[in-house]
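As structure tokens, the structure follows; a few thoughts come after it.
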Amino acid sequence: MSLSIQLKQYADSLAPSSGILEKAGEATKLIQDVLHRHLGSQFSIDRIRPLGSLTKKTSLWFKMDIDVIIYLNDEMPPFSEFKQKLDDVITMNIDEDCKQSPLGLSLTVKGFDVDLLPARNFLYSNGYSGETDEIGVQVANTLQHLRNNRRGNYMDFSTSLSEGAVAFERNHSAFSHSLSRLAKFWSITIGIPGFSFGRSSIMEYLGAWAAEEEERRGSRDILQGFRQFLTMVKQSHNLNIVWTRYYRRTDIPADILHQRPLLLDPTNPYNNMLQGALGDNLRKMSAYATETLSRLDKPGRNGGFSLQMLFEPQPTWGVMFKSPKVKTPQHFLVGTERKRLSRTKIEKRSGARGVDPSIASSYLFSFTDIVAAAAKIDGDRGFGQREDIVKMVKSALEQFIYPGTWTPTSERHEDRHTTFTVPIGKDATDVIKISCNWV
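For the sequence shown, the working numbering gives the first residue as 8, with consecutive numbering after it.
Written as structure tokens, this is what we have:
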């Protein structure tokens, strides 16, 4: 089987299943019902929409979160009073451990990470009649407000443009969605501390641009599209990406248009998504993109396991966690259970206070998924059954974390600081549990 076919199969497998989407819909409906019931009489709420990668068709099944945008008619950023009332309502009715975020509220609903984000509704600013494109009008009116207010507060109104961002992606092809998922997956196999904000959207849009480039050549070869994406990351200092669906090129301020690297927000001509530290972080990824391109060209690839080789995290686990400046995960337990779990889960106990497990979780989730997918490809060809795949994933993961001989133990996962529980493939009936202490 060619690597291009394997990549296409894997990109498709990264999309959330109908079961996961159904549960996400239940979580969204619960939020909508609670907010309308408890805040509808106090604030003028026009609509509550689930947006983000979930509705763009670019989310990864094991890292899918939900953005819920609350469009308010009479409120403006920073929405202080609304966010306080929102906090009270969510704490009392859905999640007592919800947390304030820069733009709204972060919580957990039915196992999903959710961001609740208030937004100014600009739909009726210029006499909207309902006869034209609602999303286009919302975006146009928001941009008009930014122009009139000298764009100094453009990030305060980013949520007002969220529907446009979703429509922009949904207008791309299924090929583009697949390539964006591969780009996002590759990104989470790259460990760069402190590079989280905006990273997923950057990868998504770079994948979309690479897909457009491939389609302009009259092809939809996902291997070539993935090469194009990696080459863009490798040469990121030269990036100059501008879309003009929602604004004209003449609307872009000259000081922004001449910035490099430039990845202009498709809904906001004032937001270079690679400005400052974000561009520096992307440049740090250049060497890792170079290594992945090298892996693509290595001879001797065989079967599904080329996927494991291609996406093995960088830097290695041992290099990533040897810094004396941060706590290191040690004293591992690894075991499997027969259990159906639609979402990955992280349990943090008292010893994990002050620890950020984001890179460890990304490495463990991505490595588990790629090994399971590679084994599944061989399984589909008659080389392995469910039990074989589970054993293969456990063995590979043990050697990934700590090469050497692992021996049975009677110690419990509950006695470790952190436990990561990962389904062995989407819609699997088995999970792998990885527990550790932080030293």
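Backbone N, C-alpha and C fix where the C-beta goes; we use that ideal spot for every residue, glycine too.
Bear in mind that the values here come from a model prediction, so they are computed numbers and not experimental data.
Quick check on residue i: buried or exposed, where buried means 16 or more other Cβ atoms within 10 Å of its Cβ?
i	result
His179	buried
His184	buried
Glu221	buried
Ser187	buried
Thr412	exposed
Thr414	exposed
Met8	exposed
His43	exposed
Glu141	exposed
Thr425	buried
Ser103	First, the amino acid is wrong: residue 103 is Glu here, not Ser. Classification for Glu103: exposed.
At the level of alpha carbons, what is the spacing between residue i and residue j?
i	j	result
Tyr295	Val96	44 Å
Ser20	Asn156	45 Å
Arg350	Glu405	21 Å
Gln69	Tyr254	Sequence check: residue 69 is Phe here, not Gln. The straight-line gap from Cα to Cα measures roughly 34 Å.
Leu230	Val429	27 Å
Val446	Met327	14 Å
Gln91	Gly59	23 Å
Val378	Ala174	34 Å
Arg154	Leu61	30 Å
Gly358	Asp72	26 Å
Would you kindly check if the distance between the Cβ of residue j and the Cβ of residue i is under 8 Å?
i	j	result
Leu168	Thr251	no
Tyr277	Tyr161	yes
Thr335	Ile439	no
Phe339	Ile441	yes
Leu123	Leu130	no
Val41	Asn128	no
Ala217	Met239	yes
Gln145	Glu170	yes
Ile384	Gln107	no
Thr65	Trp193	no
Phe89	Pro125	yes
Asp434	Val397	no
Leu289	Ile209	yes
Asn444	Arg419	no
Leu28	Leu93	no
So what does DSSP say about residue i, is it helix, strand or coil?
i	result
Asp376	helix
Ser9	coil
His265	coil
Trp216	helix
Gly137	coil
Val121	strand
His179	coil
Ile431	coil
Gly342	strand
TODO: Decide yes or no for the touch test of the stretch 195-202 against the stretch 350-370: beta carbon pairs closer than 8 Å, at least 3 of them.
DONE: yes
Open item on the list: Counting beta carbon pairs with one atom in the stretch 240-247 and one in the stretch 261-270, are three or more of them shorter than 8 Å?
Closed with: yes
TODO: Count the C-beta pairs between the stretch 12-29 and the stretch 81-96 that are closer than 8 Å, then say yes if the count reaches three, no if not.
DONE: no
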